[in-house]
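S.K.:
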Amino acid sequence: MGVGKVYAKHPAVKKNDKVMVISGKEKGKIGAIRTVDSEKGRVIVEKLNLVKRHSRPNARVAQGGIIEKEAPIHISNVMIICGKCAERTRIGKRVLEDGSKVRVCKKCGEPMDR
Ligand SMILES: [Zn+2]
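Quick note: the sequence shown uses this note's numbering, first residue 81, plus one each step.
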C-alpha cells in the first residue's frame, strides 16, 4: 500500500465528517471523524478501530491498566456519508459564483459543508 501518495488525490475529509469504514474489522460501521492526519493520510474516527493499550500507573491512574483508544484508519478505507441523501459517496468540488469552492456530494450534488 503506497503510503504517502494515495491520499493526495483524495479530496479532503474534515473533522466531524460522517464516514463509513469500508474495509478491515470495522467494515460497515459509521462514525464521525475526530482528527485528520493529512500528512499520513489517516483519520481517527470516534469510537471506531479501538485498540487496547496498557497504561502504566501514573498520577491519574494509580493502578495503570488497560485503556481503549482509537487507532488511525487510512483515508482510503473510509467513505464519507452524505448528510443530505444519507448515501456513502465521494466528494466533488464546485466553484461558486464568488469563486469560493465547496465540497459537494457526487450522488445528489448537494453541498457537504453547512
Ligand atoms: Zn448526497
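From the three backbone atoms N, C-alpha and C, an ideal C-beta is built for every residue, glycine too.
Three or more beta-carbon pairs under 8 angstroms between the stretch 168-182 and the stretch 129-142, yes or no?
M.R.: The stretch 168-182 is not in contact with the stretch 129-142.
S.K.: Can you round the beta-carbon distance between V123 and V116 to whole angstroms, since I take them to be within the 8 angstroms contact cut?
M.R.: As a first step, residue 123 is located in the sequence shown; it is residue number 43 there, counting from the start. As a first step, residue 116 is located in the sequence shown; it is residue number 36 there, counting from the start. Between V116 and V123 the Cβ distance is about 5 angstroms, and since that is below 8 angstroms, they are a contact.
S.K.: Compare the beta carbon distance of A112 and K94 with 8 angstroms and say whether it is the shorter of the two.
M.R.: The sequence position of residue 112 within the sequence shown is 32, counting from 1. The sequence position of residue 94 within the sequence shown is 14, counting from 1. It is not a contact, given that the beta carbons lie outside the stated cut-off.
S.K.: Beta-carbon distances below 7 angstroms to any heavy atom of ligand 1 define the shell here; list its residues in chain order, please.
M.R.: For ligand 1, the selected residues are C162, K164, C165, E167, T169, C185, K187, C188 and E190.
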